[in-house]
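Single-structure report; data block below.
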Amino acid sequence: MCGIVGYIGEQDAKDILIEGLKKLEYRGYDSAGIGLLNDDGVHVFKEKGRISALEAAIDRSVHATVGIGHTRWATHGEPNRENAHPHQSASGRFTLVHNGVIDNYEKLRNEYLAGVQLKSDTDTEVIVQMIEVFVKDGMAVEAAFRKTLSLLHGSYAIAMIDAENPDALFVGKNKSPLLVGVGAGFNVVASDAMAMLKVTDRFIELLDEEVVIVSRDHIRIMTLAGETVERAPFKAELDASDIEKGTYPHYMLKEIDEQPAVIRRLLSAYQDESGHIRLSDDVRQAVLASDRIYIIAAGTSYHAGLVGKQLLENIGKVPTEVHIASEFGYNMPLLSKNPLFIFISQSGETADSRAVLVQVKKLGFRTLTITNVPGSTLSREADHTLLLHAGPEIAVASTKAYTAQIAVLAMLAVEAARAKGIDPNIDLEKELSIAANAMQTLVDQKETMEALAKEYLAATRNCFFIGRAVDYYVALEAALKLKEISYIQAEGFAGGELKHGTIALIEEGTPVVAIATQFHVNGNIRSNVKEVTARGAKACIISMEGLNEEGDRLVLPEVHDALTPLVSVVPLQLFAYYAALHRGNDVDKPRNLAKSVTVE
Ligand code: M6R
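Under our numbering, the first residue of the sequence shown is numbered 4, with each subsequent residue one higher.
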């Protein structure tokens with residue numbers, strides 16, 4: 004979703020800002036802009052569409068050492084030039100970028116901006132206009148900035164420049180992520196460390212309702228009430244090369260390929276000296292103390308949660324429910340006495356999940372976040388965190404985070420069993436290594452999946468994925484992957500459910516991909532395939548070694564039946580990738596989607 008960058012130093016700001024915005028492109032956006040401050044005043048350039056359009060619009064002769072930049076994913080007002088950020092106050096003195104959503108902006112507009120003609124449809128413009136109104140009423144800029152932010156209800160990360168003060172960036176945040184990057188003779192602002200890794204690897208985390216005045220050689224953090232806050236910077240554990248594509252044509256392909264290595268990395272991250280998987284005592288204790296686990300997540304992370312439920316119940320013997328984050332808060336089920344809430348989120352920033360986290364914390368329940376991003380909002384705010392160690396995932400379509408989530412959930416399930424003195428009945432250390440090798444075999448078979456994608460998806464408008472038991476959960480994930488990047492209408496179904504309605508959609512040539520990795524339902528899913536082929540479907544069976552039959556289009560290397568999603572999903576990720584590629588789509592940045600969904 005929206006991204007923010009800011010720079011104050013000695014160098015030309017525009018290239019640093021543009022480079023920073025490019026690193027945030029993966030989050031999804033539909034317009035971009037920068038504001039530069041020099042002796043001639045403030046220069047704003049903004050355009051609808053890609054950053055390349057913005058670059059073309061920038062006057063290269065403008066030299067400035069202070070600036071802010073923004074990528075916007077439209078919420079209030081359509082994606083056009085007028086609604087793109089930065090927004091300026093009526094006189095043009097203040098220029099501001101904002102991520103998040105201001106819930107009470109209409110009320111604020113009516114209350115404070117009666118005489119001001121707004122130029123956009125955004126909630127953001129209200130903020131910058133209010134600051135100017137307060138300054139015109141006689142307030143100092145810093146006080147007006149703090150007062151305005153204290154009146155906002157909702158989420159925000161904000162950076163502002165003042166045409167009359169070339170020595171400061173005004174920054175504030177609540178619920179939306181924002182970091183201040185520390186340099187020598189310069190400082191930067193970014194909604195994601197990745198944006199500014201090229202110029203610094205030292206960042207200061209901001210907490211909600213904090214304001215920062217950033218100058219070239221000083222960073223002053225304070226509360227909204229103006230009380231000073233001291234906080235040391237941390238070193239970002241990211242390498243600039245982690246966020247490059249290298250020789251890959253797309254991040255998604257690189258990230259699919261990284262999956263075996265991620266599973267191996269996770270194994271070493273969570274193994275003790277004797278080679279046994281060992282999570283922290285706190286996490287163990289939290290699971291042990293709970294009578295039911297509630298997994299809260301969205302999208303792909305929700306699908307990993309469904310697999311996690313199976314693992315936690317079958318291996319760990321912990322009753323587990325999985326809920327879609329955006330539904331849970333408004334439709335809360337009857338809860339058990341001692342629940343443990345697990346938030347699964349690649350980004351750790353998903354607003355729907357965070358809303359539930361805030362709600363259940365208020366109810367006094369224990370919380371654990373499983374995320375790929377250390378220091379992310381969900382990680383900071385939960386009682387415990389388990390990291391995915393997957394490295395930055397840049398492609399909007401999540402791949403390596405999904406398999407890492409499943410691996411961590413398997414570890415948690417084994418820990419739950421051990422903590423309760425139950426035999427987990429799986430040598431997880433060994434079985435995860437076997438799964439990693441199997442994943443490697445599959446990523447090395449790209450031509451097979453490319454050929455299948457051509458054969459099944461070249462001329463279709465829809466596609467069905469079916470499975471039973473845990474294969475059904477993988478079918479849901481396969482369908483999501485395919486629809487989000489290829490734009491083919493795709494659905495995942497439980498094999499046995501087709502005949503209760505969906506089979507009506509099957510016609511001559513409809514592609515149906517069946518996943519068959521589970522011994523106890525192998526016969527059933529094959530019967531479902533017969534039902535659809537009898538009605539004209541073009542079936543493609545992906546089975547597991549040992550369960551395979553003649554005519555199956557891909558046979559997966561055998562792995563423990565609790566871990567089959569780790570391998571069965573890999574060819575299906577590739578299937579989606581090649582379908583999107585053949586259709587000429589932007590694989591890494593599919594239309595309408597954002598990587599980090601920071602609005603509810
Ligand atoms: O960062 P999160 O895991 O919380 O994100 C949740 C979903 O937005 C995400 O999984 C989304 O469905 C992906 N684009 C799927 O590929």
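Each residue gets a CB set at the ideal place from its N, CA and C atoms; glycine is no exception.
Best match in A537, L460, A420 for proximity to A493 [C-alpha to C-alpha]: Nearest option by C-alpha distance: L460.
DSSP beta-bridge partners for Y10? In the DSSP output, where bridge partners are listed per residue, Y10 has G70, V191.
Within the stretch 490 to 575, ranges of the alpha helix (DSSP H) (whole runs, at least 4 residues): Secondary structure in the stretch 490 to 575: the alpha helix (DSSP H) runs of 4 residues or longer, each lying completely within the stretch, are 525 to 536 in chain order.
Would you mind stating whether R75 and H88 have Cβ atoms separated by less than 8 Å? Yes, the Cβ-Cβ distance between R75 and H88 is below 8 Å.
At the level of alpha carbons, what is the spacing between Q443 and D106? Each residue's alpha carbon lies about 47 Å from the other.
Range of the contiguous alpha helix (DSSP H) that encloses K312: First-last of the alpha helix (DSSP H) with K312: 302 to 317.
Looking at the strands, I want to know which residues DSSP matches up with K320. According to DSSP, K320 bridges with nothing at all.
Endpoints, alpha helix (DSSP H) assigned at I130: From DSSP, the alpha helix (DSSP H) with I130 extends over 127 to 139.
Grab the span of the beta strand (DSSP E) containing N177 for me, first residue to last. From DSSP, the beta strand (DSSP E) with N177 extends over 168 to 177.
Helix, strand or coil at S34 [DSSP, three-state]: DSSP, read as helix, strand or coil, puts S34 in strand.
Would you mind sorting I259 into buried or exposed? The rule is 16 or more other CB atoms within 10 Å of its CB. A buried status is given to I259, since no fewer than 16 other beta-carbon atoms sit within 10 Å of its beta-carbon.
Under the three-state reduction of DSSP, which class applies to N375: helix, strand or coil? DSSP places N375 in coil when its eight states are reduced to three.
Nearest to V524 by CA position, among L550, G539, K257, is which residue? Comparing alpha carbon positions, the residue from L550, G539, K257 closest to V524 is L550.
Give me the DSSP bridge partner(s) of S348. DSSP, once it has assigned bridges, lists T374 as partnering S348.
When you compare the CB positions of S571 and D447, do they come within less than 8 Å of one another, or not? Contact flag unset, no.
Which of helix, strand or coil DSSP assigns to R63: In the structure shown, R63 sits in coil (DSSP, three-state: anything other than H, G, I, E or B).
What span of residues does the alpha helix (DSSP H) with E384 cover, start to end? Boundaries of the alpha helix (DSSP H) harbouring E384: 380 to 384, taken from the DSSP string.
Taking buried to mean at least 16 other C-beta atoms within 10 Å of its own C-beta, is H101 buried or exposed? Within a 10 Å sphere around the beta-carbon of H101 sit 16 or more other beta-carbons, which makes this residue buried.
Nearest to R112 by CA position, among F97, T303, M133, is which residue? Of all alpha-carbon atoms in F97, T303, M133, the one lying nearest the alpha-carbon of R112 is that of M133.
Going by DSSP, what residue range makes up the beta strand (DSSP E) through D165? Element bounds for D165: 159 to 165.
Please determine, among G12, K178, Y159, D62, the residue with the shortest C-alpha to C-alpha distance to D126. Nearest in C-alpha terms to D126, of all of G12, K178, Y159, D62, is Y159.
Quick check: does the Cβ of Q262 come within less than 7 Å of any heavy atom belonging to the ligand M6R? Using a cutoff of 7 Å, the CB of Q262 does not count as near the ligand M6R, since none of the ligand's heavy atoms is closer than that.
Is A407 closer than 8 Å to I488 when the C-beta atoms are compared? Contact: no.
When the distance is taken between beta carbons, is F189 closer than 8 Å to R149? Not a contact, by the Cβ cut-off of 8 Å.
For the ligand M6R, is there a heavy atom less than 7 Å away from the beta-carbon of Q576? Answer for Q576: no, Cβ out of range of the ligand M6R.
Compute the Euclidean distance between the alpha carbons of V192 and I207, then round it to the nearest angstrom. Looking at the two C-alpha atoms, the distance is approximately 10 Å.
Rounded to whole angstroms, how far is the Cβ of L241 from the Cβ of M197, which I believe are closer than 8 Å? Correct: roughly 7 Å between the Cβ atoms.
Bridge partners of I222, per DSSP? DSSP output for I222 lists V217 as bridge partner(s).
Give a single yes or no on whether V361 has its beta carbon closer than 7 Å to a heavy atom of the ligand M6R. No.
The ligand M6R heavy atom lying under 7 Å from the CB of A301: Yes; taking the cut-off as 7 Å, the Cβ of A301 has a heavy atom of the ligand M6R nearer than that.
Assess contact between the stretch 344 to 351 and the stretch 361 to 375, defined as three or more Cβ pairs (one per stretch) separated by less than 8 Å. Is contact present? As far as the Cβ criterion goes, the stretch 344 to 351 touches the stretch 361 to 375, which means the pair count is three or higher.
Give the single residue among L575, F467, Q576 whose Cα lies nearest to the Cα of N531. Nearest C-alpha to N531 among L575, F467, Q576: F467.
Can you tell me the Cα-Cα spacing of E109 and D284, whole angstroms? A direct Cα-to-Cα measurement between E109 and D284 gives close to 48 Å.
Please state whether the Cβ-Cβ distance between I246 and K26 is less than 8 Å. Yes. Within cutoff.
What is the DSSP secondary structure of V119, counted as helix, strand or coil? Three-state DSSP puts V119 in coil, outside helix and strand.
Please report the distance separating the alpha-carbon of R357 from that of E324. Approximately 18 Å between the Cα atoms of the pair.
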